[in-house]
Amino acid sequence: MSTSDRPAPTRRRVFAAAGTVGALAAVAAVLPGTSRPVAAPAEPAAPTPSSGGGYQLSEHVQRYYRTARV
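Position 27 (the sequence shown) corresponds to 31 in my numbering; numbering is contiguous.
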């Protein structure tokens, strides 16, 4: 289908299409059963040790220190 075969969009068609899309969006917003899924509750964080503060010199921290050297 070439461009000369298609009818040119008129202002009336553009506004009719916009109204249709708006009406469909309004209907979709009020329909029951279309609620968004609820996220699972987050797991509680591990308690911090009483004699430290929680800092651990793990492998990824040591790797960062090696790459940050000047």
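Virtual Cβ for every residue (Gly too), placed ideally from N, Cα, C.
For residue i, which residues from the same chain have a beta carbon less than 8 Å from its beta carbon, with the 5 sequence-adjacent residues on both sides left out?
i, result
"Ala20", "none"
"Thr14", "none"
Only counting the same chain, and skipping five residues up and downstream in sequence, which positions put a Cβ closer than 6 Å to that of residue i?
i, result
"Val25", "none"
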